[in-house]
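Position 142 (the sequence shown) corresponds to 142 in our numbering; numbering is contiguous.
All residues carry an ideal CB built from backbone N, CA and C; glycine is no exception.
Nothing here was measured: the structure is a model prediction, and the numbers come from that model.
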Amino acid sequence: MSFVITVYVPEGIVMAADSRQIITIENKMPNGTVSLIETIRSNFVYKVFYLAQQQVGISTFGESILGQLTIETHIKKFAEEALEDEDDVSTVPQKLVKYFRNRFPNSDTAFHVSGYKRKAKVSVAEVFHCQISRNEIKPLNVHPETQDIVYGTSWGGQGDIIANLLQPGQLMTSEGVTHIPKPPILWDTLPLQDAIDFSIYAVRTTIDTMRFQTRPKNVGGPIDVLVLSPEGSHWIQRKGLHGERRQSF
């Protein structure tokens, strides 16, 4: 399981994710029974990627090992084999879903795909949700009726913790269900730095809350954060390879 979040505000788009990878293994007992055990495979898995030539960000959640290869390996192969220099945020989602469906049509793997496209001399943000097994591509930052650009946030994976913090609650009364609203976040006026802070907060809060709950710890590790804007894109923070870290006494 994973937790990824994409925040889209007027100044830019922020994509963030944790780094933990969970696998399920079969444990066969002497009596022939089989139990399934969830275990941490790694705390150093990349889930946010930047396609520099296309200026597109991709984050992934769901099934993360396909054909005995990680999503990171598949994304690199996808960029090399399926993309052209002229591809952009409008064409990458279609090619991404087609690439994975041709190879793993039943995989429960999903993506956020984000970037900017010039339309009538204006840079327009585009954010998509893609799901492989359902052959699904849908815009996340467009109003379904008016087609206007909207600002907000979308997440994927283990989203119950942040959902409980942000989404309205429910109270059962003698008259039925009463919805309890939460104080809103004004996404339309949120500065880009606040969007960065919020994305880190969402991932960190998920990790820290799981620490105390009696549940699988399936979100964890370093937090990677990518920012995309009309002026350019860059990593706010991204884990890197390193050697042994010795503690001095």
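- The continuous stretches of beta strand (DSSP E) do not include phenylalanine 104, and DSSP gives it neither H nor E.
- The C-alpha of threonine 60 is placed about 9 Å away from the C-alpha of phenylalanine 49.
- Boundaries around glutamate 81 are those of the alpha helix (DSSP H), 71-82, since no beta strand (DSSP E) includes it.
- Within the same chain, Ala110 come within 6 Å of glutamine 131 by CB-CB distance, once the 5 residues on both sides are set aside.
- Taking isoleucine 137 as the centre and dropping the five residues before and after it, the same chain places the C-beta of Pro93, Gln94, Val97, Phe128 and Cys130 closer than 7 Å to its C-beta, in chain order.
- Relative to the Cα of leucine 192, the nearest Cα in the group Ile40, Gly152 and Leu140 belongs to Gly152.
- When DSSP states are grouped into helix, strand and coil, alanine 202 belongs to the helix group.
- Around the beta-carbon of histidine 179, fewer than 16 other beta-carbon atoms lie within 10 Å, marking it exposed.
- For glutamate 126 and asparagine 27, the gap between their C-alpha atoms comes out near 44 Å.
- Scanning the segment 28-61 for uninterrupted beta strand (DSSP E) segments of 3 residues or longer gives 34-42 and 48-51, listed from N- to C-terminal end.
- Asparagine 218 and methionine 1 have their C-alpha atoms spaced approximately 6 Å apart.
- Rounded to whole angstroms, serine 107 and threonine 73 show a C-alpha spacing of 16 Å.
- Distance from tryptophan 155 to phenylalanine 3 at the Cβ level is roughly 7 Å; contact confirmed, criterion being Cβ atoms closer than 8 Å.
- Nearest Cα to histidine 234 within the set Val56, Pro216, Val150 and Arg211: Val56.
- A buried status is given to isoleucine 75, since no fewer than 16 other beta-carbon atoms sit within 10 Å of its beta-carbon.
- For aspartate 224, the enclosing beta strand (DSSP E) stretches over residues 224-229.
- Put simply, the backbone Cα of proline 144 is about 19 Å away from that of proline 10.
- By the CB criterion at 8 Å, isoleucine 223 and isoleucine 200 fall inside the cutoff.
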